[in-house]
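Quick note, the sequences are listed as chains Y and H, same order. Using the working numbering, the letters of the first sequence map in sequence onto residues 1 to 249. Using the working numbering, the letters of the second sequence map in sequence onto residues 250 to 498. Quick notes on the structure that follows.
2 protein chains.
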Amino acid sequence: MIGRQGVDSIERRSGVSLWRQIADRILHAISTGDFAENAALPPEMALAERYGVNRHTVRSAIAALVQEGVLRAEQGRGTFVLSRKRLSYPIGTRTRFSTGLQGQTSERHIVLLASSVEPASQRIAEGLGLAKGAEVIRLETRGEADGRPISRATAWFDARRFTGIDKAMAETGSITASLSRFGIDDYLRQSTVLSARHADAADLADLDLQPGAIVLVTVAVNVTPDGQPIQFSESRFPAERIELKLSAL
Amino acid sequence: MIGRQGVDSIERRSGVSLWRQIADRILHAISTGDFAENAALPPEMALAERYGVNRHTVRSAIAALVQEGVLRAEQGRGTFVLSRKRLSYPIGTRTRFSTGLQGQTSERHIVLLASSVEPASQRIAEGLGLAKGAEVIRLETRGEADGRPISRATAWFDARRFTGIDKAMAETGSITASLSRFGIDDYLRQSTVLSARHADAADLADLDLQPGAIVLVTVAVNVTPDGQPIQFSESRFPAERIELKLSAL
DNA sequence: TAAATTTGTCTATTGATATAGACAACTATA
DNA sequence: TATAGTTGTCTATATCAATAGACAAATTTA
């Protein structure tokens, strides 16, 4: 063996408290199967030793995860991992919210949080092929699966072409269904740009996340089959609940 | 306008210190163009008011970003945004490290950090179509562009078929070139699964990141044109330096 | 040159974070 | 039914994070 193993220590005075770093590690260990679902976590003392911190610090991390609904602690018995797998959200040429999660969830839908008409910013105008400042309709939506928020999206449409899409969206709860009211029976994903950051205050509230949570961010343009841009969107996915599976684009 | 605007406050007693949250916001503002590159940031007092914190807290955030090389502070003049754009790393059917960043960087290469032979774990065996426990070669690599680390990858190959690929990698500094030594002139990306998390201690060191940094994680399988799996890999990209552009898969 | 603006440094205080130890409460098991 | 193992609660202490105010140092502007 050349080289070295992965270090397993935590960072002090980093701006991120130890209990949150340990909470993140426990979440990661659960997601990789290192800590099995429905099974007991190692005892607090063992975790404290493993991460090189005090037992009380581990307790803070566990308390946060209990609060988040990831763990359940039982006095005298142990602390148990509740089963909530990360959903795998497919991204491809025909990315659709509802169909992609079939088989993984029993229920899923989109909620329209807000809508407005506004002038297009530079990047949105570019994405939609409009002049900067042209009127666009903005839809703020939240995707939910089995009652848990799993996405938070902002979508923009040409206001002239898609007048009333906000109402259609509120009524149908589906982008696909709303677009079909405007004669668009098929659309493709032209481009997707992906990044990640800490959730901001609005995302924390909308996605029911704890401060410090990470969101995956996609910026995408959907087009008609003949290449006409119809939708520009930015979506945020909580990284602790969702992974993105890139299928044939 | 229905609904509400994005909240612009920060979270207290969240496990993430205010100065780090503000540092993240400033980074985000720079990446969205809200704070222009090569221009002065608003004065500390203005930022303190904007984020609802004390001037000293803003100073802590700025100090961290100066440390990271994002800002430069000059007494009496102001604090300036240095220009370091986020690179756009394309992911598609023919994802290649070097070619994808052409035009964005003047120099890029891969460094082999370590290699070893080990038995395949469950998920790696599945990915490569081998029996669990079969011998695989593991390569630990770092990708760099213009002298800055931009990726940290672990790749596994069937040890029987690719004996000596570690040496080839060390000599050529290229996965593509190494594979061609084994008669593989073309390969495709079969699948990519994407997630994000905080960088662990090893990533922090290897990618020259500050604690609390976020990494994008891709888990991918590369196959020959006839569908034979040849490489299983997990790559970490610093979210502050890289965004992933999903092109035609 | 004087005034205004902006970053840099210092002291002081408060609350959150982390460590340490002791013991209570509860559960499983020998 | 003891006993060992586990989580829950309490006190105490030290360090980090955040606020507050004052003033110095450097630069720009009137």
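Think of the CB as a built atom: it goes at the ideal place given N, C-alpha and C, for glycine as much as any other residue.
- Message: Between Trp156 (chain Y) and chain H, is the shortest Cβ-Cβ distance under 7 Å, so that the two count as touching?
- Response: no
- Task: Have a look at Y:Thr32, Y:Ala202, Y:Ala63 and Y:Ala40 and flag the residue whose alpha-carbon is nearest the alpha-carbon of Ala153 (chain Y).
- Result: Y:Ala202
- Query: To which residues of the same chain is Asp158 (chain Y) closer than 7 Å at the C-beta, ignoring the five residues directly before and after it?
  - Reply: Leu128, Leu130 and Val136
- Message: Taking the beta carbon of Gln254 (chain H) as the centre, do at least 16 other beta carbons fall within 10 Å, making it buried, or is it exposed?
- Response: In this predicted model, Gln254 (chain H) has a pLDDT of only 25, less than 50, meaning its place in the structure is not dependable enough to derive any value.
- Query: Nearest to Glu243 (chain Y) by CA position, among Y:Val58, Y:Ala196 and Y:Ile26, is which residue?
  - Reply: Y:Ala196
- Query: Is the segment 108–118 of chain Y close to the segment 156–175 of chain Y, with three or more CB pairs under 8 Å?
  - Reply: yes
- Task: Sort Y:Phe35, Y:Tyr89, Y:Ile26 and Y:Ala39 by Cα distance to Leu65 (chain Y) and report the nearest one.
- Result: Y:Ile26
- Quick one: Cα of Ser429 (chain H) to Cα of Ser235 (chain Y), how far? 39 Å
- Query: What do you reckon, are the CB atoms on Gly15 (chain Y) and Ser263 (chain H) nearer than 7 Å?
  - Reply: no
- Show which residues of chain Y have a CB atom less than 8 Å away from the CB atom of Leu456 (chain H). The premise fails here: Leu456 (chain H) is roughly 13 Å from chain Y at the closest Cβ pair, so nothing lies under 8 Å.
- In three-state terms, what does DSSP make of Leu130 (chain Y)? coil
- Starting from Val468 (chain H), follow its DSSP beta bridges and name the residues at the other end. H:Val442 and H:Glu483
- Whole angstroms is fine: what's the gap from Thr172 (chain Y)'s alpha carbon to Phe182 (chain Y)'s? 13 Å
- Query: When the Cα atoms are used, what is the spatial distance from Ile2 (chain Y) to Arg391 (chain H)?
  - Reply: Reliability fails at Ile2 (chain Y), whose pLDDT of 29 lies under 50, so the model's placement of it is uncertain and no value is given.
- Please classify Leu290 (chain H): does DSSP put it in a helix, a strand, or coil? coil
- Item | Proximity of Met169 (chain Y) and Leu112 (chain Y) at Cβ, strictly below 7 Å | yes
- Item | Those residues which DSSP pairs with Asp198 (chain Y) across a bridge | The sequence given here has His at residue 198 (chain Y), not Asp. Y:Ile214, per the DSSP bridge assignment.
- For Ile91 (chain Y), which residues in chain H fall below 7 Å Cβ to Cβ? Leu495
- Message: Going by DSSP in three states, Thr344 (chain H) sits in which element: helix, strand or coil?
- Response: coil
- Got a sec: is the Cβ-Cβ distance from Ile463 (chain H) to anything in chain Y below 7 Å? yes
- Message: For a quick check, are the C-beta atoms of Asp34 (chain Y) and His447 (chain H) less than 7 Å apart?
- Response: no
- Given Gly227 (chain Y), which residues of its chain have a CB within under 8 Å of its CB, disregarding the five upstream and five downstream residues? Gln190
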